[in-house]
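Peer 1: This is the structure I have questions about; it appears just below.
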Amino acid sequence: MAVNASEEQLTVDFHPDPDRLVAHTAFLADDLLEGREAGTPGHERASLYIATEFRKLGLQPAGTDGYLQRIDFRRSRLKTDSLRAVLNTPGEERELTFLDDYYVGASLVRTASSLDCEMVFVGYGIVAQPLDYDDYQGVDVQDKCVVAFKGKPAWFPSEQGAHFSKLKVKNAADRGAIGFISLTTPESLERFPFEKYRERVGRARMTWLYDDGSLFNAKPRIQSSITPSPAVAASLFVATEKDLDDLYAMLETEERFVPFPIPGRLQLEKGSQHEAVTSPNVVALLEGSDPVLKHEYVVFSAHSDAIGMKQGEAGEDLIINGALDNASGIATMLEVARLFSGMEVAPRRSVVFAAMTAEEKGLLGAYYFAEHPTVPVQSMVANVNLDMPILLYEFADIIAFGAGHSDMGGTVSRAAAAESLELTPDPWPEQGYFTRSDHYAFVKQGIPAVFVKGGIKARDPSVDALEVDKDFRKHHYHQVSDDMRLPIKWDAAVTFTRVNARIALELANQPSRPRWNDGDFFGETFARETAAE
Ligand SMILES: [Zn+2]
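Under my numbering, read the sequence shown as residues 58 to 590, first letter to last.
The structure is reproduced here in structure tokens:
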């Protein structure tokens with residue numbers, strides 16, 4: 058039966074059931090689930106639902122307790138009444154007001170945080186050896202607070218830049234800093250105005266615990282990160298050679314920042330309330346049909362959690378249901394699982410279906426799974442991630458984040474072509490989406506990943522897909538209106554399911570495992586040694 062994988066793939070015709078897609082999404086986005094915040098009863102209901110669906114399909118449990126992989130988390134909430142912040146600049150001592158003057162989140166490390174620090178400006182706070190870039194050159198930040206702009210130099214390759222931007226607080230901690238002052242920029246404010254930080258108040262932060270009780274991704278040296286308002290940020294630079302406008306102007310150029318001390322001190326006291334909670338990933342396995350290749354795994358992932366509830370008045374809608382983010386992604390995964398389970402001959406490789414918890418808290422469930430895999434990590438050949446498909450128009454094209462990094466680009470093109478869809482290059486490289494959802498936890502284990510979205514062209518020429526996308530992000534994303542009242546196009550959900558099913562099937566059936574492109578940054582940075590094939 059020597060049949061070419063892509064030929065065979067074309068002969069398989071999947072028929073996703075729109076009613077099932079609606080049913081899964083509607084259940085998961087119901088108010089009963091209270092916004093599915095990780096560590097809450099609402100998210101437990103979602104997890105039980107997903108496990109139940111896996112069981113109905115006859116999939117093998119691939120968690121640590123049946124389908125569940127339960128994770129120990131620490132949850133931390135900011136005690137806003139404990140906050141006190143004072144900024145001393147030459148000639149002025151000023152008490153700062155939370156939310157008017159600055160924003161801080163809860164500490165995951167300690168219940169009482171205390172800072173009294175000198176400040177050093179370090180540009181973006183980025184260190185990127187492959188780009189010959191180091192904002193810390195020649196500066197000592199030991200026991201100081203670093204002050205750094207959000208974002209990255211405009212000339213950075215976007216996805217690499219997004220990767221290095223994620224390491225800012227770590228860079229500061231590694232160099233002995235005790236606080237991280239994060240400066241908004243005109244560009245960051247455009248995307249996320251300072252006033253929007255109010256919406257984050259009351260949201261819990263979380264991280265998971267290793268077996269020895271230490272915290273994942275915690276930076277114990279750092280007492281706090283702080284985002285000052287643009288006005289307070291400007292006041293930091295009244296006595297420095299360059300003022301904030303001069304520094305803003307440099308953001309537009311390729312000129313590099315030179316670190317300098319900021320005269321004055323920042324003091325901050327903050328209290329955080331800690332709780333131990335658990336929350337599960339839900340993981341199932343469809344065993345491959347090939348006696349050899351079944352020991353390799355294509356991993357489908359989608360996050361099951363959402364934002365939860367917002368604070369507000371009784372009677373107001375407070376539930377951030379997460380219908381598109383990401384009930385629809387879970388619905389898609391469940392439907393692919395059903396289609397694959399119903400195949401006469403299962404895909405050659407095994408397929409793992411993983412509903413990840415705590416994505417909204419920092420891809421935590423995915424990082425946990427990647428570090429505590431329930432199948433051997435070196436045998437995971439590819440990850441296909443589903444996160445917030447914007448199913449509000451019937452798309453004529455798709456975008457595949459990550460497709461440019463590995464030979465999965467070809468896989469995606471063939472799947473798109475089979476559905477008469479165009480493949481559009483990433484229209485938002487500056488957003489660094491390749492680093493912003495669960496697939497990135499797999500990338501960091503050296504596993505090529507792809508993350509598909511509906512594209513920028515609608516089948517109906519009177520619909521401006523980019524406008525629909527923008528409108529969703531602005532008015533519904535992470536808001537109470539991301540619910541079943543949205544005009545979701547279930548035909549688009551069907552197409553989306555078919556495309557992802559085709560991609561995963563080809564990956565599961567192709568003779569050799571996917572490979573990073575030669576010289577690819579992510580491949581070179583994270584690739585693991587694999588046995589010769
Ligand atoms: Zn999401």
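Note that the Cβ used here is the ideal one computed from N, Cα and C, for glycine as well.
Relative to ligand 1, is the shortest distance from any of its heavy atoms to the C-beta of residue 437 smaller than 8 Å?
Peer 2: For the purposes of this step, residue 437 is taken as the residue at position 380 of the sequence shown. Answer for residue 437: no, Cβ out of range of ligand 1.
Peer 1: In whole angstroms, give me the CA-to-CA distance for residue 435 and residue 123.
Peer 2: For the purposes of this step, residue 435 is taken as the residue at position 378 of the sequence shown. For the purposes of this step, residue 123 is taken as the residue at position 66 of the sequence shown. Their backbone Cα atoms lie some 22 Å apart in a straight line.
Peer 1: Could you tell me the alpha carbon to alpha carbon distance between residue 545 and residue 143, rounded to whole angstroms?
Peer 2: The count along the sequence shown starts at 1 and reaches residue 545 at position 488. The count along the sequence shown starts at 1 and reaches residue 143 at position 86. Distance between the alpha carbons of residue 545 and residue 143 is about 48 Å.
Peer 1: Which stretch, first to last residue, makes up the beta strand (DSSP E) that contains residue 323?
Peer 2: As a working mapping, residue 323 is identified with position 266 in the sequence shown. Start and end: 317-343.
Peer 1: Identify, in the order they occur along the chain, each residue of the same chain with its Cβ nearer than 6 Å to the Cβ of residue 114, setting aside the five sequence neighbours on each side.
Peer 2: Taking the sequence shown and counting its residues from 1, the one referred to as residue 114 is at position 57. Excluding positions up to five away in sequence, the list reads 394, 395, 398.
Peer 1: Quick one: does the C-beta of residue 533 sit closer than 8 Å to a heavy atom of ligand 1?
Peer 2: Start at 1 with the first residue of the sequence shown, and residue 533 comes out as number 476. No, the Cβ of residue 533 stays beyond 8 Å of every heavy atom of ligand 1.
Peer 1: Classify residue 96: buried if its beta carbon has 16 or more other beta carbons within 10 angstroms, exposed otherwise.
Peer 2: Locating residue 96 in the sequence shown gives position 39, where the first residue counts as 1. With 16 or more other Cβ atoms within 10 Å, it is buried.
Peer 1: Taking just the CA atoms, how far does residue 267 sit from residue 579?
Peer 2: As a first step, residue 579 must be located in the sequence shown, where it is residue number 522. As a first step, residue 267 must be located in the sequence shown, where it is residue number 210. If you take the alpha carbons of residue 579 and residue 267, they lie about 26 Å apart.
Peer 1: Please state whether the Cβ-Cβ distance between residue 181 and residue 215 is less than 9 Å.
Peer 2: Taking the first residue of the sequence shown as position 1, residue 181 is located at position 124. Taking the first residue of the sequence shown as position 1, residue 215 is located at position 158. Going by C-beta atoms, residue 181 is not nearer than 9 Å to residue 215.
Peer 1: Can residue 184 and residue 196 be called in contact, C-beta distance under 9 Å?
Peer 2: By 1-based counting over the sequence shown, the position of residue 184 is 127. By 1-based counting over the sequence shown, the position of residue 196 is 139. Not in contact: residue 184 and residue 196 (Cβ atoms no closer than 9 Å).
Peer 1: Assuming contact is defined by CB atoms lying nearer than 9 Å, are residue 490 and residue 437 in contact in what I supplied?
Peer 2: By one-based count along the sequence shown, residue 490 stands at place 433. By one-based count along the sequence shown, residue 437 stands at place 380. No, they are not a contact pair.
Peer 1: Is there at least one non-hydrogen atom of ligand 1 closer than 8 Å to the beta-carbon of residue 416?
Peer 2: The count along the sequence shown starts at 1 and reaches residue 416 at position 359. Yes - ligand 1 has a heavy atom lying nearer than 8 Å to the Cβ of residue 416.
Peer 1: Are there any heavy atoms of ligand 1 lying less than 8 Å away from the beta-carbon of residue 445, as far as the coordinates show?
Peer 2: Locating residue 445 in the sequence shown gives position 388, where the first residue counts as 1. Result yes, Cβ under 8 Å from ligand 1.
Peer 1: What residues in its chain sit with their C-beta under 8 Å from that of residue 170, if we drop five residues either side in the sequence?
Peer 2: If you number the sequence shown from 1, residue 170 lands on position 113. Closer than 8 Å at the Cβ level, and outside the excluded window around residue 170, lie 164, 280, 281, 325, 326, 327, 328, 329.
Peer 1: Just curious, the beta strand (DSSP E) that residue 493 is in, first and last residue?
Peer 2: If you number the sequence shown from 1, residue 493 lands on position 436. Counting along the chain, residue 493 falls outside any beta strand (DSSP E), and DSSP gives it neither H nor E.
Peer 1: What are the partner residues of residue 511, as DSSP defines its beta bridges?
Peer 2: To locate residue 511, count along the sequence shown from 1; it is residue 454. Looking at the DSSP output, residue 511 bridges to 455.
Peer 1: Quick check on this structure: which residue in 261, 259, 286, 460 has the alpha carbon closest to the alpha carbon of residue 250?
Peer 2: Taking the sequence shown and counting its residues from 1, the one referred to as residue 250 is at position 193. Out of 261, 259, 286, 460, 286 has the C-alpha closest to the C-alpha of residue 250.
Peer 1: Take residue 350 as the anchor and find which of 72, 118, 566 has the nearest alpha-carbon.
Peer 2: Taking the sequence shown and counting its residues from 1, one reaches residue 350 at position 293. Closest option to residue 350, Cα to Cα, is 566.
Peer 1: Rounded to whole angstroms, how far is the Cβ of residue 226 from the Cβ of residue 276, which I believe are closer than 8 Å?
Peer 2: Position 169 of the sequence shown holds residue 226. Position 219 of the sequence shown holds residue 276. Indeed, because the Cβ distance is near 6 Å, the residues count as touching under 8 Å.
Peer 1: Just to check my reading of the structure: residue 543 and residue 533 have Cβ atoms closer than 8 Å, yes? What is that Cβ distance to the nearest angstrom?
Peer 2: Counting from one through the sequence shown, the residue named residue 543 turns up at place 486. Counting from one through the sequence shown, the residue named residue 533 turns up at place 476. Yes, they are in contact, since the Cβ atoms of residue 543 and residue 533 sit about 7 Å apart, within 8 Å.
Peer 1: So, under 8 Å CB-CB, residue 238 and residue 176 are touching, yes? Tell me the CB distance rounded to an integer number of Å.
Peer 2: Within the sequence shown, the letter at position 181 stands for residue 238. Within the sequence shown, the letter at position 119 stands for residue 176. Indeed, because the Cβ distance is near 7 Å, the residues count as touching under 8 Å.
Peer 1: Would you check whether ligand 1 has a heavy atom nearer than 8 Å to the C-beta of residue 386?
Peer 2: Here the question's residue 386 lines up with position 329 in the sequence shown. Yes; taking the cut-off as 8 Å, the Cβ of residue 386 has a heavy atom of ligand 1 nearer than that.
Peer 1: Please report the distance separating the alpha-carbon of residue 381 from that of residue 75.
Peer 2: Start at 1 with the first residue of the sequence shown, and residue 381 comes out as number 324. Start at 1 with the first residue of the sequence shown, and residue 75 comes out as number 18. Cα-Cα distance, rounded: 15 Å.
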